[in-house]
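First the structure, in the form of C-alpha cells, and then the observations on it.
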Amino acid sequence: MPTFAVVEQLLHDTAGAGLAESTRDRAKGAREQMTKALAVAKHAGVRIGLGSDLIGPAQDRRGKELSLRAALETPMEALVAATRTNAEILGLSGQVGVITPGAQADLVLWNGNPLEDPELFSDPTNAVLVIQAGHIVKDLR
Numbered sequence: 002m003p004t005f006a007v008v009e010q011l012l013h014d015t016a017g018a019g020l021a022e023s024t025r026d027r028a029k030g031a032r033e034q035m036t037k038a039l040a041v042a043k044h045a046g047v048r049i050g051l052g053s054d055l056i057g058p059a060q061d062r063r064g065k066e067l068s069l070r071a072a073l074e075t076p077m078e079a080l081v082a083a084t085r086t087n088a089e090i091l092g093l094s095g096q097v098g099v100i101t102p103g104a105q106a107d108l109v110l111w112n113g114n115p116l117e118d119p120e121l122f123s124d125p126t127n128a129v130l131v132i133q134a135g136h137i138v139k140d141l142r
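Each residue of the sequence shown is one higher than the one before, starting from 2 at the first, in my numbering.
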C-alpha cells in the first residue's frame, strides 16, 4: 500500500522530521517511483488500499493521503480505495467501507464535495460530521 503522505511530509518539512536536507532528494525519487508503481499495479489489476503511515503529531495530515491519491487517480477511486478496498483487504467486505443495510455506519459529511475538490480531505476541519458505528463522534454542523 503506497503511503504518499509520508513522502509529501518529507518533501515539505525535512527539518521538522529531524532529517538532513539531502533526504528531500531521496523522497522526491521515492515519490516518482511510488507513482509509477501505483500505475503499474493498477494496470495489472492489483487491489490497492489507502493508508498514511503518519505517526505522532502528523496525525492531522492523514486526509492528505486521500487528496494526493485523488490527484494520481480520480477522487472516487481514492475514496473507494480508502473505504471498500481497505475493507476487502482486511476481510471485512460488506461490514465496513460501504453504505448498505447491515453494514456498520461509519460516515463522514464534508463541508463541500470532495469529488469535485479533493483538497477538502486534507483539512480535518472540513469533516463537519463524523459517525462511527452509528454514533456521532464529531458534529460541527
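All C-beta atoms, glycine included, are put in the ideal place defined by N, C-alpha and C.
Rounded to the nearest whole angstrom, the C-alpha separation of L80 and T24 is 30 Å. Less than 7 Å separates the beta-carbon of D54 from that of V7. For V129, the enclosing beta strand (DSSP E) begins and ends at 128 to 133.
Excluding the 5 residues flanking it on each side, Q105 has same chain C-beta neighbours closer than 7 Å at Q96, V97, A134, in chain order. Between the C-alpha atoms of A28 and E9 there is a straight-line separation of about 8 Å. Taken in chain order, the unbroken stretches of alpha helix (DSSP H) that lie wholly in the stretch 18 to 90 and span 4 residues or more are 24 to 44, 63 to 73, 76 to 81, 87 to 90. When the beta-carbon positions are compared, L67 and F122 come within less than 7 Å of each other.
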